[in-house]
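**Student:** Heads up: the protein sequence lines correspond to chains A and B, in order.
By the count of the working numbering, the first sequence reaches residue 97 at its end, each step adding exactly one.
By the count of the working numbering, the second sequence reaches residue 861 at its end, each step adding exactly one.
For glycine and all other residues, C-beta sits at the position ideal for the given N, C-alpha and C.
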Amino acid sequence: MKTAAELKHGEKARISDINSDNPSYKRLIEIGFTPGQEIELVNTSVFDDPMAFSIRGTLIAIRRNEADCIILS
Amino acid sequence: MNIDVAKRIPLITLVGPPNSGKTTLFNYLSGKNFKTVNYPGSTVEYYTCKIQDKYNIEANLLDSPGIISLNPNSPDEEVTVNSLYNHPEFGVPDLVIATADSSQLSRHLLLTKQLLTAGFRVILVLTMRDLLEKKGLKVNTDKLSKLLRCDVVTVNGRTGVGIDDLILKIEKNLKGVTNNHFQPYTLSNELSKENLITLYSEIEDLTRAVIEPIETPDLEKINKELKILNPVLTEPSLQPDLFTLKLDRILLHRRYGLLFFFLIMTTMFTSIFWLADPFMTMVDDFFSYMAQTSSELLGNTWYSHLISDGLISGTGSVLVFLPQILILFLILGLLEDTGYLARGAMMIDKPLSKIGLNGKSFVPMLSGFACAIPAMLAARTISNKRERLLTIFIIPLMSCSARLPVYVLLVAFLTPSDKPWFGGILLASIYLFSIISSIIVASLINKFSKKLIKAEDNSSFILELPAYRIPKLKVVLKNSYINALHYIKRAGPIILLLSLIIWFLTYMPNHSPQIDATGLNQEEIIQLEKSERLATSYAAELGKFIQPIMAPLGMDWRIGVSLIAAFAAREVFVSSLALIFRVTDDENIQSSLLTAMQTATNQETGEPLFTTATVIGLVVFFVFALQCISTIAVSRKETGGWRIPILQLIIFTSTAYLFTLITVNGLRLLGIN
Numbered sequence: 025m026k027t028a029a030e031l032k033h034g035e036k037a038r039i040s041d042i043n044s045d046n047p048s049y050k051r052l053i054e055i056g057f058t059p060g061q062e063i064e065l066v067n068t069s070v071f072d073d074p075m076a077f078s079i080r081g082t083l084i085a086i087r088r089n090e091a092d093c094i095i096l097s
Numbered sequence: 189m190n191i192d193v194a195k196r197i198p199l200i201t202l203v204g205p206p207n208s209g210k211t212t213l214f215n216y217l218s219g220k221n222f223k224t225v226n227y228p229g230s231t232v233e234y235y236t237c238k239i240q241d242k243y244n245i246e247a248n249l250l251d252s253p254g255i256i257s258l259n260p261n262s263p264d265e266e267v268t269v270n271s272l273y274n275h276p277e278f279g280v281p282d283l284v285i286a287t288a289d290s291s292q293l294s295r296h297l298l299l300t301k302q303l304l305t306a307g308f309r310v311i312l313v314l315t316m317r318d319l320l321e322k323k324g325l326k327v328n329t330d331k332l333s334k335l336l337r338c339d340v341v342t343v344n345g346r347t348g349v350g351i352d353d354l355i356l357k358i359e360k361n362l363k364g365v366t367n368n369h370f371q372p373y374t375l376s377n378e379l380s381k382e383n384l385i386t387l388y389s390e391i392e393d394l395t396r397a398v399i400e401p402i403e404t405p406d407l408e409k410i411n412k413e414l415k416i417l418n419p420v421l422t423e424p425s426l427q428p429d430l431f432t433l434k435l436d437r438i439l440l441h442r443r444y445g446l447l448f449f450f451l452i453m454t455t456m457f458t459s460i461f462w463l464a465d466p467f468m469t470m471v472d473d474f475f476s477y478m479a480q481t482s483s484e485l486l487g488n489t490w491y492s493h494l495i496s497d498g499l500i501s502g503t504g505s506v507l508v509f510l511p512q513i514l515i516l517f518l519i520l521g522l523l524e525d526t527g528y529l530a531r532g533a534m535m536i537d538k539p540l541s542k543i544g545l546n547g548k549s550f551v552p553m554l555s556g557f558a559c560a561i562p563a564m565l566a567a568r569t570i571s572n573k574r575e576r577l578l579t580i581f582i583i584p585l586m587s588c589s590a591r592l593p594v595y596v597l598l599v600a601f602l603t604p605s606d607k608p609w610f611g612g613i614l615l616a617s618i619y620l621f622s623i624i625s626s627i628i629v630a631s632l633i634n635k636f637s638k639k640l641i642k643a644e645d646n647s648s649f650i651l652e653l654p655a656y657r658i659p660k661l662k663v664v665l666k667n668s669y670i671n672a673l674h675y676i677k678r679a680g681p682i683i684l685l686l687s688l689i690i691w692f693l694t695y696m697p698n699h700s701p702q703i704d705a706t707g708l709n710q711e712e713i714i715q716l717e718k719s720e721r722l723a724t725s726y727a728a729e730l731g732k733f734i735q736p737i738m739a740p741l742g743m744d745w746r747i748g749v750s751l752i753a754a755f756a757a758r759e760v761f762v763s764s765l766a767l768i769f770r771v772t773d774d775e776n777i778q779s780s781l782l783t784a785m786q787t788a789t790n791q792e793t794g795e796p797l798f799t800t801a802t803v804i805g806l807v808v809f810f811v812f813a814l815q816c817i818s819t820i821a822v823s824r825k826e827t828g829g830w831r832i833p834i835l836q837l838i839i840f841t842s843t844a845y846l847f848t849l850i851t852v853n854g855l856r857l858l859g860i861n
């Protein structure tokens, strides 16, 4: 089971589910990380965390542990 | 008489996700007649106004912080959601205007859909059509309006085109409003994971149906029409702004990103001090002139001293930092508007999270270098309570501008006259020292904070990185003005009151001291009287009372008095020293004061009072001590109790004392005196 935290720079993938174990899962959905959406890892911070994803035509930075609850298909 | 004749004015609430053009719309509708009010029972602010006269609609307009959904995630968001369901003052809005960025429709419609589900009467305002048009797309507003079953208007934030249409729609929607209030549904069920995902897929269908290619009257047209007939747009999933992606590759570069970050921050700090300096001198000169003039007019009486030294100088001490605060907010606003600040927060999130803070603590901490008060207000965007409280906790350690005059004096004392560059390095080192020590303190507090800061631990960092844009100077200027006004309103009265108390302590009870005036001119007599008064005042009594505490630091009661006086505002330290060491030369206080400091001896021990060791000790004291009543007052308001401000006062002031003690005696042991 691959998660968004494992994406490489420039790699695209489709979301299949959001793991509701992470306390931030609702906010992730609300901000647009929903099943079926394509995401691309466009940047990571100098310290490798947070990561910036391109989703729904915008860029959203989230922490690695949050990216880890975005399950990819 | 029928009291009901007095018709209630309808309430319109403006809501929208962050970066959806809400503020621009609010500015159009309000003109300049808005006021900032505290949300009853909380510290968060919102704006209210009457809709501009020229639009001929009598309605209250309410603007509050941006929200993503009706499920709040920070104190700011909570206020917005609460104000929709039942504003303590205005009740439930008669009409909600929801803004949405056209190029972010699938994300921004979530809120609108929730508002409609909850039963609100909604007008949807689409903004930033130009961004969508650049991608060759447009929104079919008629279709969207039919599908959503609410009015939809497109407004151009730059030109104002569409406002008139919006006004017509507002009029139409308010016509049906009666005084009988409806209660919107609470959305607890609709906010579950499954429902949110369903809602999003509905919105995706909706956006697919309403986003269309722009028809261009050339050869491409045929192709486009073919595409409409056989839509290739399976979904309007758009690419982020290409320029933004390119610029991010440089500014968020894995190696050079941090370099740019430090470069931008250094430029910012240098310009704050460099740009603000002449204005601060102007404010200072103005109040000195006013104080002098009023004292000349009123003569050598107690009320003359009260007005000139207490009231006018007190007001001056509030306003002298205004240029720095204005410039800081101007630069912060510009950085935010360009889109860089969000990137800064992202870059610094990891190291800050190590010490219990959040990337979002970055902006409040940065503001702390101008003044702790607006900085604490800026911490509200941090959704995690623990991280917000910890941010507020360490903000007083950021070297605020009030410390600068003190540092300047102390550094001047330590700098040999033939090596002026040494002073610059010293000042820079003090700032570096204060940053490093605040990081250490934050990590220590974080380590032991389970007891200090009681709050749930559920840290997150989810932040939209907006597309880079040329900032709108007008909006930035206005926001800086509002922030500066906040500072004056919040800090002003407290600082003024304290200045008056300090004046009383330093002036009374001996209001006509006996001095030997032979051979002195009028000015020198007044100065001598002033210092005599201070030497026999309640503050001096207090200073002598704390003499045993000052002695281990190698200092005597006179520095103690100045430190007490500095509780009103740190920079008062310099003027109290000048008073207590009888510096009579009004023209050049600094150099005369330095001479006085060099010759002063400790009244207890007879040794020189200001030595390299004691002066460095004083610097250390000012780095840590919480000597600002206004900060304590704001901290109480923002943390909702006395617990944190009292802890701050105790921890920072005792740390200051302890470190000063170690520094002074340590340096002495090393033979530096």
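Assuming Ser496 (chain B) and Ser483 (chain B) are in contact, meaning their beta carbons sit under 8 Å apart, how far apart are those beta carbons, in whole angstroms?
**Tutor:** What you label residue 496 (chain B) is simply residue 308 of the second sequence in a count that begins at 1. What you label residue 483 (chain B) is simply residue 295 of the second sequence in a count that begins at 1. Yes, Ser496 (chain B) and Ser483 (chain B) are in contact; Cβ-Cβ is about 4 Å, under 8 Å.
**Student:** With 7 Å set as the bound, which would you pick, yes or no: does the beta-carbon of Ile95 (chain A) sit closer than that to a beta-carbon of chain B?
**Tutor:** The count along the first sequence starts at 1 and reaches residue 95 (chain A) at position 71. No, Ile95 (chain A) lies away from the interface with chain B (no Cβ there is under 7 Å from its Cβ).
**Student:** I want to see whether chain A comes within less than 7 Å of Lys210 (chain B), judged by CB atoms only; does it?
**Tutor:** Counting from 1 along the second sequence, the entry for residue 210 (chain B) is found at position 22. Not an interface residue.
**Student:** By the 8 Å beta-carbon criterion, what residues does the region 380 to 391 of chain B contribute toward chain A?
**Tutor:** Those would be Lys381, Leu384, Ile385, Tyr388, Ser389, in chain order.
**Student:** Would you mind stating whether Leu65 (chain A) and His33 (chain A) have Cβ atoms separated by less than 7 Å?
**Tutor:** For the purposes of this step, residue 65 (chain A) is taken as residue 41 along the first sequence, with counting starting at 1. For the purposes of this step, residue 33 (chain A) is taken as residue 9 along the first sequence, with counting starting at 1. Taking 7 Å as the Cβ cut-off, Leu65 (chain A) and His33 (chain A) qualify as a contacting pair.
**Student:** Taking all protein chains shown into account, decide if Ile142 (chain B) is buried (16 or more other Cβ within 10 angstroms of its Cβ) or exposed.
**Tutor:** For residue 142 (chain B) there is no data in the structure shown, the boundaries of chain B being 189 and 861.
**Student:** Of all Cβ atoms in chain B, is any one closer than 7 Å to the Cβ of Phe71 (chain A)?
**Tutor:** Position 47 of the first sequence, counted from the first residue, corresponds to residue 71 (chain A). So yes, Phe71 (chain A) belongs to the interface.
**Student:** Where does Trp370 (chain B) fall in DSSP's three states?
**Tutor:** Here residue 370 (chain B) refers to the residue found at position 182 when the second sequence is read from its first residue. Here the sequence assigns Phe to residue 370 (chain B), which means Trp is not the residue at that position. Looking at Phe370 (chain B) - three-state DSSP - the assignment turns out to be coil, as it is neither helix nor strand.
**Student:** Assign Asn546 (chain B) to one of three DSSP states: helix, strand, or coil.
**Tutor:** For the purposes of this step, residue 546 (chain B) is identified with residue 358 of the second sequence, where counting begins at 1. Asn546 (chain B) falls in the coil class under three-state DSSP.
**Student:** Nearest-angstrom Cα distance between Lys357 (chain B) and Pro659 (chain B)?
**Tutor:** Here residue 357 (chain B) refers to the residue found at position 169 when the second sequence is read from its first residue. Here residue 659 (chain B) refers to the residue found at position 471 when the second sequence is read from its first residue. Going by the C-alpha atoms only, they are around 30 Å apart.
**Student:** Closer than 6 Å: is that where the CB of Phe610 (chain B) sits relative to any heavy atom of the ligand GDP?
**Tutor:** This structure lacks the ligand GDP, and indeed carries no ligand of any kind.
**Student:** With Ile690 (chain B) and Val760 (chain B) assumed to form a contact (beta carbons below 8 Å), what rounded beta-carbon distance in angstroms separates them?
**Tutor:** In the second sequence, residue 690 (chain B) corresponds to position 502, counting from 1. In the second sequence, residue 760 (chain B) corresponds to position 572, counting from 1. Contact flag correct, Cβ pair sits at about 7 Å.
**Student:** Can you pull the chain B neighbours of Ile53 (chain A), defined as C-beta to C-beta under 8 Å?
**Tutor:** Here residue 53 (chain A) is taken as the residue at index 29 of the first sequence, counted from 1. Result: Lys381, Leu384, Ile385, Tyr388.
**Student:** Could one say the Cβ of Thr27 (chain A) lies closer than 7 Å to chain B's Cβ atoms, at least one of them?
**Tutor:** Counted from its first residue, the first sequence places residue 27 (chain A) at position 3. Answer no: the Cβ-Cβ gap between Thr27 (chain A) and chain B never drops below 7 Å.
**Student:** What residue range does the alpha helix (DSSP H) around Pro604 (chain B) cover?
**Tutor:** In the second sequence, residue 604 (chain B) corresponds to position 416, counting from 1. Taken as a continuous stretch (DSSP letters only), Pro604 (chain B) belongs to no alpha helix (DSSP H), as it is neither H nor E.
**Student:** Which chain B residues are close to Ser78 (chain A), counting only those with a beta carbon under 9 Å from its beta carbon?
**Tutor:** Position 54 of the first sequence, counted from the start, is the residue given in the question as residue 78 (chain A). Residues of chain B passing the Cβ test: Gln427, Pro428, Leu433.
**Student:** In chain order, what residues of the region 650 to 661 of chain B put their CB closer than 7 Å to some CB of chain A?
**Tutor:** Flagged, chain order: Ile650, Leu651, Glu652, Leu653.
**Student:** For Phe733 (chain B), count neighbouring Cβ atoms within 10 angstroms of its own Cβ and tell me buried if that reaches 16, exposed if not.
**Tutor:** Start at 1 with the first residue of the second sequence, and residue 733 (chain B) comes out as number 545. Its Cβ having fewer than 16 others within 10 Å, Phe733 (chain B) is exposed.
**Student:** At 7 Å on the CB atoms, spell out the chain D contacts of Asn67 (chain A), in chain order.
**Tutor:** In summary, chain D is missing from the structure at hand, where the protein chains are A and B.
**Student:** Whole angstroms is fine: what's the gap from Ile752 (chain B)'s alpha carbon to Thr579 (chain B)'s?
**Tutor:** Here residue 752 (chain B) refers to the residue found at position 564 of the second sequence. Here residue 579 (chain B) refers to the residue found at position 391 of the second sequence. Roughly 27 Å between the two C-alpha positions.
**Student:** At which residue ranges does the region 283 to 314 of chain B contain complete alpha helix (DSSP H) runs of 4 or more residues, listed in the order of the chain?
**Tutor:** Segments of the alpha helix (DSSP H) lying fully in the region 283 to 314 of chain B: 293 to 305.
**Student:** Check the Cβ-Cβ distances between Ala91 (chain A) and every residue of chain B, and say whether any is below 7 Å.
**Tutor:** Start at 1 with the first residue of the first sequence, and residue 91 (chain A) comes out as number 67. Not one chain B Cβ lies under 7 Å of Ala91 (chain A).
**Student:** I'd like to know whether the C-beta of Arg87 (chain A) is nearer than 7 Å to at least one C-beta of chain B.
**Tutor:** Position 63 of the first sequence, counting from 1, holds the residue named residue 87 (chain A). Judged by the 7 Å Cβ criterion, Arg87 (chain A) is in contact with chain B.
**Student:** Report the residue from B:Ser380, B:Ile536, B:Met564, B:Leu846 whose alpha carbon sits nearest the alpha carbon of Leu447 (chain B).
**Tutor:** Counting from one through the second sequence, the residue named residue 447 (chain B) turns up at place 259. Residue B:Ile536 is the option with its Cα nearest to Leu447 (chain B).
**Student:** Going by beta carbon distance, what residues of the same chain come within less than 7 Å of Asn418 (chain B), once the five residues before and after it are set aside?
**Tutor:** Reading the second sequence from its first residue, position 230 is the one you call residue 418 (chain B). Unreliable placement is indicated for Asn418 (chain B), whose pLDDT of 47 sits below 50; the coordinate value is still reported in the next sentence. Excluding positions up to five away in sequence, the list is empty.
**Student:** Per DSSP, what are the beta-bridge partners of Asn215 (chain B) in this structure?
**Tutor:** The sequence position of residue 215 (chain B) within the second sequence is 27, counting from 1. Bridge partners of Asn215 (chain B): none, in fact.
**Student:** Taking DSSP as the reference, what is the three-state secondary structure of Asn418 (chain B)?
**Tutor:** The residue labelled residue 418 (chain B) in the question sits at position 230 within the second sequence. Here the model assigns Asn418 (chain B) a pLDDT of 47, short of 50, so the residue's position is not dependable and the matter cannot be decided.
**Student:** In chain B, what lies closer than 7 Å to Ile39 (chain A) by C-beta?
**Tutor:** Taking the first residue of the first sequence as 1, we reach residue 39 (chain A) at position 15. Simply none; closest approach about 10 Å.
**Student:** In or out: Tyr477 (chain B) buried (at least 16 other Cβ within 10 Å) or exposed?
**Tutor:** The residue given as residue 477 (chain B) occupies position 289 in the second sequence. So Tyr477 (chain B) counts as exposed.
**Student:** How is Leu767 (chain B) classed by DSSP in three states: helix, strand or coil?
**Tutor:** For the purposes of this step, residue 767 (chain B) is identified with residue 579 of the second sequence, where counting begins at 1. Helix at Leu767 (chain B).
**Student:** Below 8 Å, can you find three or more Cβ-Cβ pairs linking the region 670 to 677 of chain B to the region 741 to 748 of chain B?
**Tutor:** These segments do not touch.
**Student:** Give me, in chain order, the residues of the same chain whose beta-carbon lies closer than 7 Å to that of Ser668 (chain B); leave out the 5 immediate sequence neighbours on both sides.
**Tutor:** Here the question's residue 668 (chain B) lines up with position 480 in the second sequence. Same-chain partners within the cutoff: Leu514, Phe517, Leu518, Gly521.
**Student:** For Met470 (chain B), count the other beta carbons within 10 Å of its own beta carbon; 16 or more makes it buried, fewer makes it exposed. Which is it?
**Tutor:** In the second sequence, residue 470 (chain B) corresponds to position 282, counting from 1. Exposed.
**Student:** Measuring straight from C-alpha to C-alpha, what distance separates Ser750 (chain B) and Leu693 (chain B)?
**Tutor:** The residue labelled residue 750 (chain B) in the question sits at position 562 within the second sequence. The residue labelled residue 693 (chain B) in the question sits at position 505 within the second sequence. Taking the straight line from one Cα to the other gives about 12 Å.
**Student:** Counting pairs of beta carbons, one from the region 614 to 632 of chain B and one from the region 779 to 797 of chain B, are three or more of them closer than 8 Å?
**Tutor:** Contact fails: fewer than three Cβ-Cβ distances are below 8 Å.
**Student:** Could you name the residues that DSSP lists as bridge partners for Arg38 (chain A)?
**Tutor:** Locating residue 38 (chain A) in the first sequence gives position 14, counting from the first residue. Answer is A:Glu62, bridged to Arg38 (chain A).
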